[in-house]
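Heads up, the thing below is written out as structure tokens.
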Amino acid sequence: MDETILVDRRAGYRVVTLNRPDRMNALDKPTLHALLATLADAEADEACRALLLTGTGRGFCAGADLSTVGNSDGIGRDVGAAIEETWNPLARRLHNLRMPTVCAVNGVAAGAGANIAMGCDIVLAARSARFVQAFSKIGLIPDCGGTFHLPRLVGEGRARALALLAEPVSAERAEAIGMIWRVVDDAALMQEAEAVAAQLATLPTQALVLTRKALRASAQNSFDQQLDLERDTQREAGYTPDFAEGVRAFMEKRPPVFTGRKA
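In case it helps, my numbering puts the sequence shown at residues 1002 to 1264.
This is how it looks when you write it as structure tokens:
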């Protein structure tokens, strides 16, 4: 993999680190392609049952690398073409990954960087972290899934204000309004995030992904539609080896040993 993306393989999960600290981990086209390849590689590894995403240096991710705008490697005037080539595939890959994802926000998460973080299942942030929907400052709209994730996490009223005003949100405020799961002291961030990823890697992966699917659908479904979805996804979960193992372990009064396999 490209050196701008670091991969650390752990027991049951991978730590993926954005590694452009001189650019606050802003993503240019080659780095975006490298990140997509890294996620695809993790997904293809059956031993990988969780993924932890973080960044090096003072910031998690400053979003798109605007220094490349207008050159041969840049996005040019047709921003929609860049969205279709890289940012949308990244948002979709994160959204549909076959394993749970954890994000450890170690500093500023701005623009698409904030939306990459919100695209993960569980987000922890260092106390010094900041989130900002910086798009209106350069005449753009939130992308990389931001208009999808933000109102679902914080409500439409807050989402409008955050997107239009582009005001920074502290980690404590982000936790208070439901944007993230937990604030952690800076020195303890990675230890806490790795513990969460390691825990997820021991849980029934298929059930976790099906739970995520059902929760996402609830905003659009009627009550009866959601009950039908619960029935269908529960049926799918019931056929996994982890369900059988969970029942056996309960009856035998021992901790379950889940494999995360579909069959």
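In this text, a Cβ means the ideal position worked out from N, Cα and C, and glycines have one as well.
Considering only DSSP beta bridges, list what residue i is partnered with.
i: R1131; result: V1109 and S1171
i: I1006; result: L1019
i: R1183; result: L1125
i: C1062; result: A1110
i: V1103; result: L1053 and I1123
Using a Cβ-Cβ cutoff of less than 6 Å, which residues in the same chain neighbour residue i once the five nearest sequence positions on both sides are dropped?
i: L1040; result: R1094
i: I1006; result: A1035, L1036 and T1039
i: P1169; result: R1131 and V1133
Whose C-beta lies closer than 7 Å to the C-beta of residue i among residues of the same chain, with five residues either side of it excluded?
i: A1160; result: L1151 and P1152
i: G1178; result: Reading the sequence as shown, one finds Ile at residue 1178 and not Gly. Correct list, in chain order: V1155 and R1159.
i: E1231; result: A1215
Are there 16 or more other CB atoms within 10 angstroms of the CB of residue i, so buried, or fewer, so exposed?
i: I1142; result: exposed
i: P1256; result: exposed
i: Y1014; result: buried
i: P1101; result: buried
i: L1052; result: buried
i: D1144; result: buried
i: G1140; result: exposed
i: L1190; result: buried
Within a Cβ cutoff of 8 Å, which residues of the same chain sit near residue i, ignoring the five residues on either side of it in sequence?
i: E1173; result: R1128 and V1184
i: R1099; result: E1044, T1206 and V1210
i: R1213; result: P1101 and D1122
May I have the straight-line CA-CA distance separating residue i from residue j, to the nearest angstrom?
i: S1137; j: D1229; result: 40 Å
i: I1117; j: A1175; result: 15 Å
i: V1106; j: A1196; result: 15 Å
i: L1028; j: M1180; result: 22 Å
i: R1021; j: G1114; result: 13 Å
i: F1244; j: M1252; result: 12 Å
i: D1225; j: H1096; result: 25 Å
i: T1148; j: V1109; result: 19 Å
i: A1083; j: L1033; result: 11 Å
i: F1061; j: E1193; result: 16 Å
Tell me, to the nearest whole angstrom, how far the beta carbon of residue i is from that of residue j; I am working on the premise that it is less than 8 Å.
i: P954; j: L1037; result: There is no way to answer for residue 954, as the model of the chain reaches only from 1002 to 1264.
i: G1056; j: A1092; result: Not really, about 17 Å apart at Cβ, beyond 8 Å.
i: L1201; j: V1080; result: Their Cβ separation, rounded to whole angstroms, is 35 Å, which puts L1201 and V1080 out of contact at 8 Å.
i: A1323; j: Q1227; result: This structure leaves residue 1323 out entirely; the chain is present only between 1002 and 1264.
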